[in-house]
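Here the structure comes first, spelled out in structure tokens, and everything after it is commentary.
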Amino acid sequence: MINQINKLTASLSRRIRLLVSRGVVNIVNDSLKQQNLQVSLLADETADDVERFQNYGHSSVPPAGSEAIVLSVSGVRQHLVAIAVDNKNSRMGKLKAGDSALYHLEGHHILLTENGVVRIQCKRLEVVADEIVFDAPQTRFTGNVDIKGVSSATNHMSGSTSGKDHIHTEHDGYSTSKPQ
190 MINQINKLTA SLSRRIRLLV SRGVVNIVND SLKQQNLQVS LLADETADDV
240 ERFQNYGHSS VPPAGSEAIV LSVSGVRQHL VAIAVDNKNS RMGKLKAGDS
290 ALYHLEGHHI LLTENGVVRI QCKRLEVVAD EIVFDAPQTR FTGNVDIKGV
340 SSATNHMSGS TSGKDHIHTE HDGYSTSKPQ
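Just so it is clear: in the sequence shown, position 33 is 222 by this note's numbering, and no numbers are missing.
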């Protein structure tokens, strides 16, 4: 009797076992509307055209060797989707509870930390915008500032000397008037 039940449920049991798989990413095709992966799954199983679902507003191309969690849609092994892909060799670790990070394989990253601190670490930061507004009571630059265009300020300080109400003695001995 048990053998008969096992025979009847063998196909269903196999489909359930194969619903969720772990795999290793071989190739990524990011030229399609939905990113596709080639993934090595079981010992000798390589799946092509595995659709990779990513969270809205975020897109990435995982390096070869990344690990994936793959689902068989409706239990059909020929219709696979990757719901999570991670690379433990490049993942930022040692974050505190509540921290969130966006990171690259090479190590540059954006880190959201406690107390409202955002840390951007990179070799070069490029911002392209029609306008940039810094709304802060204090802004500090620790290195040199090179301005290619016109600079304007309500009050320019050089050292401890204000340009706003600055009066100084000219070479001929007369005092200058305040800037207009």
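Cβ atoms here follow ideal geometry from the backbone N, Cα and C, with glycine treated the same way.
Out of curiosity, what's the CA-to-CA distance linking residue i and residue j?
i	j	result
LEU208	GLY254	22 Å
ILE194	GLU234	29 Å
VAL214	ALA236	10 Å
SER340	LEU314	21 Å
ILE299	SER289	8 Å
ALA325	GLU359	37 Å
ALA286	ASN218	34 Å
ARG211	ARG266	13 Å
ILE191	ASN276	44 Å
GLY246	THR302	21 Å
VAL274	ILE336	42 Å
ASP361	GLU320	44 Å
ARG308	LEU291	11 Å
ARG206	VAL262	13 Å
THR343	PHE323	15 Å
GLN327	TYR363	36 Å
ASN244	MET346	47 Å
VAL317	MET281	27 Å
SER221	SER248	One point to set straight first is that residue 221 is Leu, not Ser, in the sequence displayed. Approximately 13 Å between the Cα atoms of the pair.
GLY151	LYS312	The structure shown does not extend to residue 151, since the chain is modelled only from 190 to 369, so the question has no answer here.
LYS196	ILE216	38 Å
GLU295	SER279	8 Å
By the 10 Å Cβ neighbour count, where 16 or more other Cβ atoms means buried, how is residue i classified, buried or exposed?
i	result
PRO252	exposed
GLN224	buried
SER349	exposed
ALA257	buried
LEU372	The question about residue 372 has no answer here: the residues shown for the chain are numbered 190 through 369.
LEU201	exposed
LEU269	buried
Tell me whether the beta-carbon of residue i lies closer than 8 Å to the beta-carbon of residue j.
i	j	result
VAL239	VAL228	yes
ALA271	ARG241	yes
VAL259	LEU284	no
HIS293	GLN310	no
ARG329	GLY264	no
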